[in-house]
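Numbering (the working numbering), first residue to last: 829 to 1220.
Structure first, commentary second.
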């Protein structure tokens, strides 16, 4: 739902909050899960067993959830912070425990990976098509019962450009979010391509990967290419290491592993030598205003952080506390580092990024010790490679 339906389209009933599809499905999913957990001892036992496999991760998550609640009391407008926290409750916190339960069943990890990969390919095709219309494809065709009349939606549906280049955004609110999603999904597409069983499947996934790279380029968001490079290169390294360990006679594995550093240096030289690559990744003059905005925000942040250092300024309230306003009049924070520390303080910052780094360390350890082999269990276990790349 998150990756196929625009979250800014929803039913607007009198006296009720916007009923976006993600909110409806997310709340229903959370309630069904809680009801099942309350009525089934086997479900509770299963979740407990799954969580015991890596207790540090869920403890970081629960700690962060507690900080979120405490941070509401530090917000300038508590009900706005509460609304942001409520959305995070079903979309972040509850969903973690739902996933722990769902993915305990064999086969579901690969099914999920395929769904996300094909979602990425589909929205990439939408992003490519947008380059011909130079606006969101359905902007002129939204039925009245789904159209929300407010400034945020109007801004989302207004075409954005970097220089003369239109920035595709597909179903997302901004092009940057599309680029981030595609960068995260790319290792899944690559891995499915590597383990594909038929030539037809390989051909479709290869074409899909090309579409993903093109779509990232059309977002004009440098972070998309940075994420694509980091995830793709880490995945390549893990594959080389595993191939070298699994088959000593294989020449590809050792070539990747031992030539990795030289390859990185060569890639860097290539990027800096080819203007098209350098601009995509590091930006050009048209991206300087974005660089300047982030620099200004980092300069403004220290005294604002010190106003409420431990628990921040409340969920979703960091941007208002910082007070940075774009030339277009938008109050914003352009970096997640500042967003987390301003919303949830130093404690929330440590817990949030500690959770991510703990997951990266776990998946990396599992990935380098993975031993490929026949059978569905080993095939599903191999997905730890793209997961590690995604998290990194």
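Note that the Cβ used here is the ideal one computed from N, Cα and C, for glycine as well.
These figures come from a predicted structure and were not determined experimentally.
Residue pairing of residue 993 in beta bridges, as defined by DSSP: 990. A distance below 8 Å between beta-carbons, with the five flanking residues on each side excluded, links residue 1060 to the following residues of its chain, in chain order: 1014, 1015, 1018, 1217. Setting aside the 5 residues that flank it on each side, residue 882 is surrounded in the same chain by 1190, each with a C-beta closer than 7 Å to its C-beta; the list follows chain order.
Non-local beta-carbon contacts of residue 1064 in its own chain, meaning distances under 7 Å to residues more than five positions away in sequence, involve 1084 in chain order. When DSSP assignments are scanned along the stretch 884-925, no uninterrupted stretch of beta strand (DSSP E) that is 3 or more residues long falls wholly within it.
If you look at residue 1063, you'll find it in the alpha helix (DSSP H) that goes 1050-1074. Within the model, the alpha-carbon separation for residue 948 versus residue 998 is close to 10 Å. Sorting 1117, 1140, 960, 977 by C-alpha distance to the C-alpha of residue 1046 places 960 at the top. Short of 8 Å from the beta carbon of residue 1212, and not among the five residues preceding or following it, lie these beta carbons of its own chain, in chain order: 1191, 1194, 1195, 1198.
A buried status is given to residue 1171, since no fewer than 16 other beta-carbon atoms sit within 10 Å of its beta-carbon. Residue range 1116-1135 is occupied by the alpha helix (DSSP H) that includes residue 1120. Where residue 1038 is concerned, the enclosing alpha helix (DSSP H) starts and stops at 1027-1047. The criterion of a C-beta distance shorter than 8 Å is not satisfied by residue 891 and residue 1134. Per DSSP, the continuous alpha helix (DSSP H) segment holding residue 1106 begins and ends at 1103-1110.
In the structure shown, residue 868 adopts coil according to DSSP, grouped into three states.
Listed as beta-bridge partners of residue 839 by DSSP are 847. Ranked by Cα distance from residue 898, the options 1182, 1175, 1205, 1203 are led by 1175. Using a C-beta cut-off of 8 Å, the stretch 1121-1128 makes contact with the stretch 1147-1161, since at least three inter-stretch Cβ pairs fall below that distance. CA-to-CA, the gap between residue 962 and residue 982 works out to about 16 Å. Assignment of residue 1175 by DSSP, reduced to helix, strand and coil, places it in the helix class. Residue burial is scored here from C-beta neighbours: residue 862 has fewer than 16 other C-beta atoms within 10 angstroms and is therefore classed as exposed. The DSSP-derived three-state label of residue 1159 is strand.
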